[in-house]
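Notes follow once the structure below has been shown.
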Amino acid sequence: MTDYLIRGIEKNGKFKFAGVKTTDIVNEARNLHDTSATASAALGRTLSAAELMSTQLKNPTDKLTLQVMGNGPAGEILVTVNKDGDIKGYIQNPSADLPTNEKGKLDVSGIVGNTGYIQTIMDLGLKEPYIGQSEIISGEIAEDIANYYLSSEQVNSAVGLGVLVDTDLSIINSGGYIISLLPDANNEDILKLEKSIVGKPSVTEMMNQYEDFEDIFKFLLEDFELEILERKEIRWNCNCSKERIEEMLATIGKEELRTIIDEDEKAEVVCQFCNTSYTIEKNELEDIYKSIEK
Ligand SMILES: [Zn+2]
Numbered sequence: 010m011t012d013y014l015i016r017g018i019e020k021n022g023k024f025k026f027a028g029v030k031t032t033d034i035v036n037e038a039r040n041l042h043d044t045s046a047t048a049s050a051a052l053g054r055t056l057s058a059a060e061l062m063s064t065q066l067k068n069p070t071d072k073l074t075l076q077v078m079g080n081g082p083a084g085e086i087l088v089t090v091n092k093d094g095d096i097k098g099y100i101q102n103p104s105a106d107l108p109t110n111e112k113g114k115l116d117v118s119g120i121v122g123n124t125g126y127i128q129t130i131m132d133l134g135l136k137e138p139y140i141g142q143s144e145i146i147s148g149e150i151a152e153d154i155a156n157y158y159l160s161s162e163q164v165n166s167a168v169g170l171g172v173l174v175d176t177d178l179s180i181i182n183s184g185g186y187i188i189s190l191l192p193d194a195n196n197e198d199i200l201k202l203e204k205s206i207v208g209k210p211s212v213t214e215m216m217n218q219y220e221d222f223e224d225i226f227k228f229l230l231e232d233f234e235l236e237i238l239e240r241k242e243i244r245w246n247c248n249c250s251k252e253r254i255e256e257m258l259a260t261i262g263k264e265e266l267r268t269i270i271d272e273d274e275k276a277e278v279v280c281q282f283c284n285t286s287y288t289i290e291k292n293e294l295e296d297i298y299k300s301i302e303k
């Protein structure tokens, strides 16, 4: 089954929820970036988180960028998603890896680091993008996303993210969920919700157990009546092209471009999201140079 996102609401409006399956997306990211098992998990969790956050986008051209900037060996993790669920991302050091932690799990916080920040940039087609930031509190990413919503938007949420990596480094399954309290929720509802979630298996265990996220939510939130509002396909999609690279070169400034033409005679540009390499020849660079002069 292809990757998808579903979102819904508790029937009495106590909380909303969203879930994503990102197995194909994370496999694609792994193939393109040749990530270690731990780096696949760190990048994969960030990809799932960004898809879950994309439910905030309203218009087709809106997009959201999620950046995880920890002090660990993974370096920067950056993911961009649009309203349609097209997603791309990279991890600065794809070979970052560590032995499994004391629980026998991939040590995601070990490579991400336990200090630093999480930043979201939401381009909603307005003059200025919306930028939100919060501190990294664990480096496991799920807790950090929950903390982001609490500290930047005062929303209480429960977030689960998981990536299960096979011994041949392929991705067995990847996904996540977010459950966010709505203003109508009272203390009793919150306790009931906690009781329902606590002790439930991890995301990847539930994905092994249940075919679909609708069933995962029925199990995870068994004490509540749920209504699914939307279900859509999502996919890896890097929209880079030679044309876009040329547009980018037209913005670096005339002097800089002249230096490249005179010294390098061509430009080699590698897309950091998909590793596609573009060569812009000297005559093409001269055309770009002339277009700026106009
Ligand atoms: Zn690309």
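Numbers in this note's numbering are just positions in the sequence shown, counted from 1, shifted up by 9.
Quick reminder that beta carbons are idealized off the backbone N, C-alpha and C, glycines included.
Predicted model only: the values in this text are computed from it and were never measured.
Item	Value
Would you mind reading off the limits of the beta strand (DSSP E) that contains SER189?	180-190
Below 7 angstroms CB to CB, which residues in the same chain sit around SER300 once its five sequence neighbours on both sides are set aside?	ALA259
In the DSSP assignment, what are the bridge partners of MET216?	In DSSP, MET216 forms no bridge with anything.
Are there three or more Cβ pairs, one per stretch, closer than 8 angstroms when the segment 270-282 is compared with the segment 245-253?	yes
Over the uninterrupted beta strand (DSSP E) stretch that includes PHE228, give me the two end residues.	Run containing PHE228: none in the beta strand (DSSP E); it sits in the alpha helix (DSSP H), 222-229.
Would LYS241 pass as a contact of TYR99 if the rule is Cβ separation under 8 angstroms?	no
Pull the bridge partners of SER143 from the DSSP assignment, please.	ILE127
What would DSSP say about SER166, mapped onto helix, strand or coil?	strand
Got a sec? Which residues, its chain only, sit under 8 angstroms from GLU304 by beta carbon, not counting five neighbours each side?	Past the boundaries of the shown model lies residue 304; the chain is included only from 10 to 303, so the question cannot be answered.
Is any heavy atom of ligand 1 found at a distance shorter than 7 angstroms from the C-beta of PHE233?	no
Within 7 angstroms: the Cβ of PHE282 and any heavy atom of ligand 1?	yes
If you run the structure through DSSP and keep just helix, strand and coil, what is LEU135?	coil
Can you have a look at SER166 and say buried or exposed, based on whether 16 or more other CB atoms are within 10 angstroms of its CB?	buried
Beta carbon of THR285: closer than 7 angstroms to some heavy atom of ligand 1?	yes
Just to confirm, is the Cβ distance from THR129 to THR55 under 8 angstroms?	no
Measure the beta-carbon distance from VAL35 to ILE146 and round it to whole angstroms, keeping in mind my assumption that it falls under 8 angstroms.	With 8 angstroms as the limit, VAL35 and ILE146 do not qualify as a contact, their Cβ atoms being about 24 angstroms apart.
By how many angstroms is the C-alpha of PHE26 removed from the C-alpha of VAL117?	24 angstroms
Output the residue ranges of the beta strand (DSSP E) runs that lie fully inside the segment 83-112 and measure 3 residues or longer, sorted by chain position.	85-91, 95-100
Does DSSP put GLU234 in a helix, in a strand, or in coil?	coil
Measure the CB-CB distance between ILE261 and TYR298 and report whether it falls below 8 angstroms.	no
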